[in-house]
Amino acid sequence: MAIIKNNETAEIVCLNTQHTFGRNQNTAHTYIPEKDISQSHALISWRGSNWYIQDHSRNGTIVNGEYINNTAVKLAQGFKIQFGENTSTLWEIVNLDPPSSYLKSLKNKNKIIELTTGHAFPNEEEPEVLIYPEDAAWKLEKNGVIDNLVQNRIYVFDNEEYVFVENQVLEDTMDNGHIVNNAYFQFILSSDEEHIRIKIITQNLELDLGERVHNYILLSLARKRLIDVDNGYVYGDQGWMAIDDLLSDMSKEFGKELDTYYLNLKIYRIRKLLLETKPYGYLFANSIERRYGEIRFAHRFFQILKEERCIGEVLAIAN
1 MAIIKNNETA
11 EIVCLNTQHT
21 FGRNQNTAHT
31 YIPEKDISQS
41 HALISWRGSN
51 WYIQDHSRNG
61 TIVNGEYINN
71 TAVKLAQGFK
81 IQFGENTSTL
91 WEIVNLDPPS
101 SYLKSLKNKN
111 KIIELTTGHA
121 FPNEEEPEVL
131 IYPEDAAWKL
141 EKNGVIDNLV
151 QNRIYVFDNE
161 EYVFVENQVL
171 EDTMDNGHIV
181 NNAYFQFILS
191 SDEEHIRIKI
201 ITQNLELDLG
211 ERVHNYILLS
221 LARKRLIDVD
231 NGYVYGDQGW
241 MAIDDLLSDM
251 SKEFGKELDT
261 YYLNLKIYRI
271 RKLLLETKPY
281 GYLFANSIER
291 RYGEIRFAHR
301 FFQILKEERC
311 IGEVLAIAN
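Per the working numbering, residue 1 is the first one in the sequence shown, and the count goes up by one each step.
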């Protein structure tokens, strides 16, 4: 996330993919009221893999000591940008990372939460609200209800108001679909099934998700898929399991009563693990699907091994 800081006020601004500076409060992302500032004075934008500043003003802009007027300059960290004569218009480039979505506190204008993989409020141990990316959107999950975060809408987390700013870069997904469609989940079980390891096998590497408690959820849902495949169900109808049935199964397995809060937390951690697994884990973060009162393991292809012997699989991998 790219950040600039005002030299005089210490105000911090996160740069949008197309970020305008100027004296027009209705159009400028960063409003500069000085009289020598044009209505739309300059634009900082993300192009390909770099940030550039384009001057559109009458009086020009000073970029790292060089005067520019109606031209574009590639930016570098540490550059100083002055839009007008007054020193209040002097900003310094603090960070030039690619743009990302974020939450900005309404109480503290310099408090910004960059949205990366997954976030829990007030904390990871006892979360009340979960935020994570899925299907090119940021999701907010609370009490089992999932909604999209909406641009410029105000949300309250841990008794503090934040505004959501959508600021993602659209990536080329042509090859991504090929990777997903030619990969499968592999469940590796110990003889007593007390240990469950999961890998994602792609054409040229393995993504090892390790041995974790929440792997039992994916295994249970994969087994439900197997039953429905054997019964001849079409893909859209395969694997759906009532949440109450899954919780009952998990409660028996773990020897204690579990609720939807526990399930939602584990699913959040599954998604977060996938999002953080390099290089392709994020492509599989939507492998758990929900609909009213039901849940399923949605990735088409998987294999279950027990003591190195296959005990169930769906591996119609496309070439």
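Built from N, CA and C at the ideal position, the CB exists for glycine as well.
Remark: C-beta atoms of E141 and L130 approach each other more closely than 9 Å. Under the three-state reduction of DSSP, Y184 is assigned to strand. A straight line joining the alpha-carbon of D228 with that of V314 spans about 11 Å.
Here R269 carries a helix assignment [DSSP, helix/strand/coil]. Out of K109, K278 and E194, the CA that lies nearest to the CA of K5 is found in K109.
Per DSSP, the beta bridge partners of G210 are I198.
Here L219 is buried, its C-beta having at least 16 other C-beta atoms within 10 Å. Per DSSP, reduced to three states, the secondary structure at T30 is strand.
In the three-state reduction of the DSSP assignment, T87 falls in the helix class.
L305 and R197 have their C-alpha atoms roughly 10 Å apart.
Apart from the 5 residues on each side of it in sequence, Q25 sits with its Cβ closer than 7 Å to the Cβ of Y31 in its chain, given in chain order. Judged by their CB atoms, R300 and W240 are not nearer to each other than the 9 Å cut-off.
Per the coordinates, the alpha-carbon of H41 lies some 11 Å from the alpha-carbon of I53. Per DSSP, the continuous beta strand (DSSP E) segment holding D147 begins and ends at V145 to N148.
Collapsing the DSSP output to three states places V229 in a helix. Straight through space, the alpha carbons of A28 and Y132 are spaced by roughly 29 Å.
Taking I217 as reference, the option from N181, V180, L265 and Q238 with the minimal CA-CA separation is L265.
DSSP lists I44 as the bridge partner or partners of H19.
Following the DSSP letters along the chain, one finds D55 inside the beta strand (DSSP E) bounded by residues N50 to D55. Per DSSP, the beta-bridge partners of L130 are A120 and E141. Excluding five sequence positions before and after W46, the CB atoms of its chain that fall closer than 6 Å to its own CB belong to T17 and P99, given in chain order. Partner residues in the beta bridge of G312, as assigned by DSSP, are I304.
Beta bridge pairing from DSSP links A76 with no other residue.
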